[in-house]
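**Student:** Here the numbering used here is used: the first residue of the sequence shown is 740, the next is one more, and so on.
Quick reminder that beta carbons are idealized off the backbone N, C-alpha and C, glycines included.
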Amino acid sequence: VTAIPYGTVDPWWESFFECLVFGLVAVWIVQGLFAGDWRLNKLFLVIPLVLICAYAFIQTIPFPAGWLNQSGGPVPQNALTIDRYQTYLTAVKALALTAFFALLLIHTSSMRRLRWLIHVVIGLGLASALFGILRQLLQSPTASQGFILTFLFPGVGFGQFIAANAFSYLMEMSFALVAGLVLGGGLPRARIPLYVAV
């Protein structure tokens, strides 16, 4: 749902999402401690993402200057990355997305919850597409203000997204879920025209 305002590219919404995810992870840890039920059986899917996050964090560690200086000349930095701050921010964002994926795997434990998740993604795709069409039709190309949201200037992005490619990515996810439901037989025949229209 955090994809609604600006497609989560505004720093305030990014930090809100990260804090929310890390808070939910803390709640999950407390729940696991008291209930004794961790449900870790599906988390092997997250291991590659955790390793990528660890690799990103390792790049920000300042090493002793001699370790990285094999030529004997001056070393302008003592970390593996050129920009430690941006690498750290990327690592935190990757860790938040990995934690979100892990929580999603753990708590999508029944077919009913999976269907709810699918319908939320399809609904967000539909709402974003309708907002994009309204913005395309109603926003003047000479407008000096954003369309409903402050940064949605004419010619910038599409829908609520500042980057048009992010909008395309959400549409691909929604379209793939609808196609999977229709072609995979996950819907009653009477509902297929409704989902195709969506």
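Could you pull out every residue in the same chain whose Cβ sits closer than 7 Å to the Cβ of L823, ignoring the five residues on either side in sequence?
**Tutor:** For this step, residue 823 is matched to residue 84 along the sequence shown. The question names Leu, but residue 823 is Arg in the sequence shown. These residues qualify, in order along the chain: T799.
**Student:** Go ahead and pull the three-state DSSP assignment for F914.
**Tutor:** Counted from its first residue, the sequence shown places residue 914 at position 175. Correct three-state label for F914: helix.
**Student:** Report back the beta-carbon spacing between Y934 and L926 to the nearest angstrom; my notes put them in contact at under 8 Å.
**Tutor:** To locate residue 934, count along the sequence shown from 1; it is residue 195. To locate residue 926, count along the sequence shown from 1; it is residue 187. Yes, Y934 and L926 are in contact; Cβ-Cβ is about 6 Å, under 8 Å.
**Student:** So what does DSSP say about F892, is it helix, strand or coil?
**Tutor:** As a first step, residue 892 is located in the sequence shown; it is residue number 153 there, counting from the start. Note: F892 maps to coil in three-state DSSP.
**Student:** Taking Cβ positions, are H846 and R852 nearer each other than 8 Å?
**Tutor:** Translated into positions along the sequence shown, residue 846 becomes position 107. Translated into positions along the sequence shown, residue 852 becomes position 113. Yes. Within cutoff.
**Student:** Thinking A905 and P893 are a contact (beta carbons under 8 Å), I'd like their distance in whole angstroms, please.
**Tutor:** Residue mapping note: residue 905 aligns to position 166 of the sequence shown, counting from 1. Residue mapping note: residue 893 aligns to position 154 of the sequence shown, counting from 1. In fact, because the Cβ distance is near 18 Å, the residues do not count as touching under 8 Å.
**Student:** Taking 8 Å as the cut-off, does the region 866-878 touch the region 820-839 (at least 3 CB pairs, one atom from each stretch)?
**Tutor:** Cβ pair count under 8 Å is below three, so no.
**Student:** Got a sec? Which residues, its chain only, sit under 6 Å from A903 by beta carbon, not counting five neighbours each side?
**Tutor:** Here residue 903 is taken as the residue at index 164 of the sequence shown, counted from 1. Counting only Cβ-Cβ distances below 6 Å, and skipping sequence neighbours, we find G896 and F897.
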